[in-house]
Amino acid sequence: MISPLDTRIAFFGGSAQPAVIEAIAKLKMSGFDVVVASHDPREAPALREVGAVFIDDRMEALLGSQVVITSLRTTAEVENLYLGDEGLLELMDPGTFCIDLSISSPRLAREIQAVAAVSDIEVLDAPIVCVGEHEQPIAFVGGDPQTQETLSPLFPYLAPVIMPQESAGDGQFAAMISIIALAGSLMGAIEAISLAHIAGFPEKNALNVLASTSGGSRALIDYIPQVLSHDYTGLINIASFLDMLDVALDTAEELEVTIPMTETAYQLYELLQAVGGEEMNLQALALLYEDEQTCADYGLDWALAEGFNERCERFDDLFGGSGLLDDDTPGSSGRSHGDPPPIDGFFSKN
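Each residue of the sequence shown is one higher than the last, beginning at 70 in my numbering.
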């Protein structure tokens with residue numbers, strides 16, 4: 070039975086996601102024996118404060134741990150931790166339970182759970198999504214229903230909202246589509262409000278228009294007030310959001326599906342990262358619409374964007390190629406995708 074009295078939890082971190090740090094701290098404060106193995110330095114202060122024990126040796130951290138919780142930044146890091154040399158699935162004892170809180174590939178989640186089952190290890194993919202400033206963390210839990218039931222006593226500590234999914238990888242897929250939708254709604258809200266600002270349209274009127282029509286979204290509530298107050302800090306930085314968008318783009322590639330809106334979001338945020346906005350929050354996208362001096366006031370250097378479009382790898386195959394209906398493809402609609410859009414040129418006034 071999973072309870073504070075008889076359950077030791079080994080945590081392998083690295084994502085530095087605030088919602089995850091809070092979840093692990095809650096488990097420790099609730100009486101669970103929590104040991105911390107590999108981690109990001111930003112995760113350490115809060116976990117030391119609640120008395121978590123830090124153990125550098127991976128094998129020692131796993132010894133006697135009935136449950137292993139992981140949270141990493143990228144799909145590659147998750148794959149290496151679980152399936153790499155001296156990976157968790159190689160070192161853990163049969164009967165161990167794992168919960169992966171990372172946002173990573175649905176395909177990898179299915180692969181990990183299949184490999185784990187051979188060694189009698191149960192794994193759930195339970196990515197925690199919390200990117201909005203007023204949003205409660207949500208854990209999307211994918212994996213065997215019986216394993217979900219067994220580990221359910223831990224779920225209230227992981228997130229205020231738990232959304233069980235049906236199969237391995239479904240937790241990751243749920244998280245992924247929520248990120249895709251956020252990227253689109255955020256781009257739309259910021260572009261609309263930025264155009265209103267540049268044109269001198271009253272901000273109050275613009276907000277009322279968006280809030281009163283189907284053009285409104287959760288992004289309007291969570292991000293636009295910060296845009297209007299020029300506050301570009303928050304829960305999640307652009308570097309982390311790019312990692313999340315990477316998951317969506319890689320999954321779409323595996324499915325041989327083109328998702329141009331997400332491609333555009335990726336390139337816009339990659340541009341913002343290139344000019345110095347890596348540690349800013351998502352609403353900093355609005356700075357792409359500002360003049361050069363305003364951008365400089367917030368630490369952005371547009372000289373760093375020179376040649377950005379040529380360096381952008383993500384658009385190599387999106388606009389044309391054998392996988393898409395281009396104007397010279399038999400059976401196409403006659404619409405040409407052409408070359409990648411010159412994103413660096415879109416913001417030429419900067």
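Just so it is clear, CB atoms sit at the ideal spot from N, CA and C, and this is done for glycine as well.
| Query | Result |
| --- | --- |
| Cβ neighbours of Q182 in the same chain (closer than 7 Å, five flanking residues each side left out) | V192, G212 and A237 |
| Proximal residues to L387 (C-beta, below 6 Å), its chain only, five neighbours per side dropped | Note that L387 scores a pLDDT of 48, beneath 50, so its modelled location is shaky; the value from the coordinates is reported in the next line. Result list for L387: E332, in chain order. |
| Ordered list of beta strand (DSSP E) runs contained in the region 111-148, each at least 3 residues | 136-139 |
| Buried or exposed by the 16-neighbour rule on C-beta atoms within 10 Å, applied to R117 | exposed |
| Whole-Å CB distance - S72 paired with P225, under 8 Å assumed | In fact, because the Cβ distance is near 13 Å, the residues do not count as touching under 8 Å. |
| Any non-hydrogen atom of the ligand GTP closer than 6 Å to E332 Cβ | Within the structure as shown, the ligand GTP is missing, as the structure has no ligands at all. |
| Per-residue DSSP class, three states only, for Y79 | Residue identity differs from the one stated: residue 79 is Ala in this sequence, not Tyr. Here A79 sits in strand by DSSP. |
| Beta-carbon gap between D102 and R127 smaller than 7 Å | no |
| Reference L289, options A261, H299 and D300, closest by Cα | A261 |
| Assumed close pair V105, A85 - CB separation to whole angstroms, cut-off 8 Å | The pair is not a contact, with the Cβ atoms about 13 Å apart (cut-off 8 Å). |
| Whole-angstrom C-beta distance between L357 and L373, which should lie under 8 Å | About 13 Å separates the two Cβ atoms, so there is no contact after all. |
| Segment contact, 8 Å Cβ cut-off, at least three pairs: the region 193-209 with the region 297-305 | yes |
| L158 and A79 closer than 7 Å at C-beta | no |
| Three-state secondary structure assigned by DSSP to L193 | strand |
| Enclosing beta strand (DSSP E) for I168 [first to last residue] | F166 to D169 |
| Spatially closest choice to S173 from T165, I190, A355 and E148, by CA coordinates | E148 |
| Residues near L177 by beta carbon distance below 7 Å, same chain, minus five either side | T144, V147 and E148 |
| Buried versus exposed, by CB contacts within 10 Å (16 or more), N420 | Since the displayed the chain opens at 70 and closes at 419, residue 420 lies outside it and no answer follows. |
| Boundaries of the beta strand (DSSP E) in which P163 is found, first to last residue | Element bounds for P163: n/a, residue is neither H nor E. |
| The beta strand (DSSP E) enclosing F209, as first and last residue numbers | I207 to V210 |
| S298 to Y292 span [Cα, whole Å] | 10 Å |
| C-alpha distance - Q135 paired with G164, whole-angstrom precision | 8 Å |
| Inter-residue Cα distance where the pair is R179 and G153 | 16 Å |
| Reference Y215; option with closest CA among G100, P233 and P229 | In the sequence on display, residue 215 carries Gln and not Tyr. The shortest C-alpha separation from Q215 is found at P233. |
| CB of I90 within 7 Å of CB of E112, strictly | yes |
| Length of the line joining the Cα atoms of R287 and C167 | 32 Å |
| For D360 and Y367, the rounded distance between their alpha carbons | 11 Å |
| Beta-carbon proximity check, D109 vs G83, cutoff 7 Å | yes |
| Buried or exposed (CB count within 10 angstroms, at least 16 for buried), I267 | exposed |
| Among I231, L255 and S263, nearest to N350 - alpha-carbon criterion | L255 |
| Expected contact under 8 Å - CB spacing of F209 and G240 to nearest Å | 4 Å |
| Assigned secondary structure, D370 (DSSP; H/G/I helix, E/B strand, else coil) | coil |
| Presumed contact (8 Å Cβ cut-off) between P206 and P229, rounded CB distance | 6 Å |
| Coil, strand or helix - M349 by DSSP | coil |
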